[in-house]
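Trainee: Every position in the sequence shown, counted from 1, becomes a number in the working numbering once 1161 is added. All C-beta atoms, glycine included, are put in the ideal place defined by N, C-alpha and C.
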Amino acid sequence: MTRQTFFPPQYGQPAFNCPKCQVYATQSWSSRSYGITFALCSNCHEPSIWVKNELIFPTPTQAPPPNDDLPEDIQNDYMEAAAIMGSSPRGAAALLRLCIQKLCKHLGESGENLNNDIASLVKKGLNPTIQKCLDTVRVIGNEAVHPGVLDLTDKADTVVSLFFLVNMVADAMITQPKTIGSLYESLPANKRDQIEQRDKNTV
1162 MTRQTFFPPQ YGQPAFNCPK CQVYATQSWS SRSYGITFAL CSNCHEPSIW VKNELIFPTP
1222 TQAPPPNDDL PEDIQNDYME AAAIMGSSPR GAAALLRLCI QKLCKHLGES GENLNNDIAS
1282 LVKKGLNPTI QKCLDTVRVI GNEAVHPGVL DLTDKADTVV SLFFLVNMVA DAMITQPKTI
1342 GSLYESLPAN KRDQIEQRDK NTV
């Protein structure tokens, strides 16, 4: 999911990504007394609650949902980061760094030293754009937990961007290969045999 396809909840908007189900859906607004307003999601039929134009339930987050192809334990860390990003941007950045460390291990690296894992992936032909995504999350996640090195207090957009970078890495390294592999396997067996024979002849 890219930044262009995620629309965080905003008061009064007719549609956004529901803070409950995360699906982009139309919202039906209704006002109550004491400045309380409800927005009913057309997808999950659950309400979000707003007080004085501010979302108070579910816990507001600007983070997009995690890529569905991320392993479950990484998704759990990702969602924990999303839950605390408002109160602790530094904590969220550190958790996202943990996400890509686990992701590198999922991709066959040691998982012991993230910098070394990324270097190993580069030697194996990692796309330079994905390398930059990994290193950006790595460096910001590292420095966010060192006092005085990187202040994320007033840089919510920076932390939000890290969520998108994690999803971009997952899309490039897991989702795209899985989708392409599935489509390739759907080709007739004789066609795949011809392709494999062609490639052998070009070696």
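1. Check the C-beta distance from Pro1227 over to Met1246 and give it rounded, since I have them as a contact under 8 Å.
2. Enumerate in chain order the residues of its own chain whose CB-to-CB distance from Trp1211 is below 8 Å, with the five nearest sequence positions on each side excluded.
3. Among residues of its own chain, excluding the 5 on either side of Lys1263, which ones have a beta-carbon nearer than 8 Å to its beta-carbon?
4. Going by C-alpha to C-alpha distance, which of Val1321, Ser1191, Ala1305 and Cys1294 sits closest to Ala1331?
5. Using 7 Å as the cut-off, classify the Cβ of Gln1358 as near or not near the heavy atoms of the ligand MG, replying yes or no.
6. Mind checking which residues open and close the alpha helix (DSSP H) that includes Tyr1239?
7. Using C-beta distances below 7 Å, list every residue in its chain close to Asp1296, excluding the 5 sequence neighbours before and after it, in chain order.
8. From Asn1362 to Pro1170, what distance separates their C-alpha atoms?
9. Classify Thr1163: buried if its beta carbon has 16 or more other beta carbons within 10 angstroms, exposed otherwise.
10. Along the chain, where does the beta strand (DSSP E) containing Cys1179 start, and where does it finish?
11. Bridge partners of Ile1341, per DSSP?
12. With the cut-off set at 8 Å, would you say Gly1286 and Ala1254 are in Cβ contact?
13. Mind checking whether Ile1369 and Leu1275 have CB atoms under 8 Å apart?
14. Measure the CB-CB distance between Pro1208 and Pro1180 and report whether it falls below 8 Å.
15. Is the distance from the Cβ of Pro1175 to the Cβ of Thr1187 below 8 Å?
16. Taking the DSSP output, what are the residues bridged to Ser1281?
17. Would you tell me roughly how many angstroms separate the C-alpha atoms of Ser1347 and Arg1353, rounded to the nearest one?
18. What residues are listed by DSSP as bridge partners for Leu1216?
19. Counting only beta-carbon atoms, is Asn1303 nearer than 8 Å to chain B?
Mentor: With the given structure in hand:
1. Their Cβ separation, rounded to whole angstroms, is 13 Å, which puts Pro1227 and Met1246 out of contact at 8 Å.
2. Tyr1172, Ile1197, Thr1198, Phe1199, Ala1200 and Ile1217
3. Pro1232, Asp1234, Ile1235, Asp1238 and Gly1272
4. Cys1294
5. What this structure holds is no ligand at all, so the ligand MG is not there to describe.
6. Glu1233 to Ile1245
7. Ile1279
8. 55 Å
9. Because the pLDDT at Thr1163 is just 43, under 50, the model does not fix this residue reliably, and the value given afterwards should be weighed accordingly. Classification of Thr1163: exposed, given that the 10 Å Cβ count is below 16.
10. No beta strand (DSSP E) holds Cys1179; DSSP gives it neither H nor E.
11. In DSSP, Ile1341 forms no bridge with anything.
12. no
13. With the chain covering 1162 to 1364 only, the question about residue 1369 has no answer from this structure.
14. no
15. yes
16. Looking at the DSSP assignment, Ser1281 forms no beta bridge with any residue, so it has no partner.
17. 9 Å
18. Trp1211
19. No chain B appears in the structure shown, which is made up of a single protein chain.
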